[in-house]
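**Student:**
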Amino acid sequence: MIRVAHGARAAQVQAVVQLASSGWLCLYAGARPSDPDARTEIDREVGKLVVSINEIAIQANGDALIGPLKGLAERAGRLTWWRLRSPQGIPLLDGDISGPGGEADMILTRTDLLPGDVILIDSFLLEASAL
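Residues are numbered in this note's numbering as their position in the sequence shown, beginning at 1, plus a constant of 301.
1. Ignoring anything shorter than 3 residues, give me the beta strand (DSSP E) runs that lie fully in the segment 329-366, in order along the chain.
2. In three-state terms, what does DSSP make of R379?
3. Please report the distance separating the alpha-carbon of L350 from that of D395.
4. With H, G and I counted as helix, E and B as strand and the rest as coil, what does DSSP make of G396?
5. For I303, count neighbouring Cβ atoms within 10 angstroms of its own Cβ and tell me buried if that reaches 16, exposed if not.
6. Under three-state DSSP, which class holds A374?
7. Counting Cβ pairs closer than 8 Å, one from the segment 404-417 and one from the segment 353-368, do we hit at least three?
Next comes the structure, spelled out in structure tokens:
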């Protein structure tokens with residue numbers, strides 16, 4: 302079994318951060334695909350938020366703190382998962398969303414949205430140990 306040292310995982314986080322700068326954090330309703338490279342249907346995308354390098358902070362332990370991010374819901378839906386994309390639309394990572402008290406990768410105050418609702422993400426943590 303191959304084990305990856307923390308420094309290498311931290312370098313992976315930094316590489317993802319560089320690829321994600323000026324990219325998109327897309328929020329989706331419905332079932333999350335089993336493969337992060339899987340194509341997603343645009344009608345499942347509820348919101349899309351721009352990620353700028355100013356909203357990403359690399360911490361001493363190699364984790365990346367992303368946020369705050371703000372956007373508007375484009376469609377109605379219950380947010381269940383997210384995907385981080387490069388500016389060219391290339392999928393980088395995805396994870397689950399839950400409401401308060403949940404244990405998903407991203408916890409939001411509200412997951413049921415209508416068109417025009419404000420989406421506010423104070424921050425979420427991209428942990429080096431998760432890669």
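For glycine and all other residues, C-beta sits at the position ideal for the given N, C-alpha and C.
In this text, all values refer to a predicted model and were calculated from it rather than measured experimentally.
**Tutor:** Based on what the coordinates show:
1. 346-352, 357-359
2. strand
3. 14 Å
4. strand
5. exposed
6. strand
7. no
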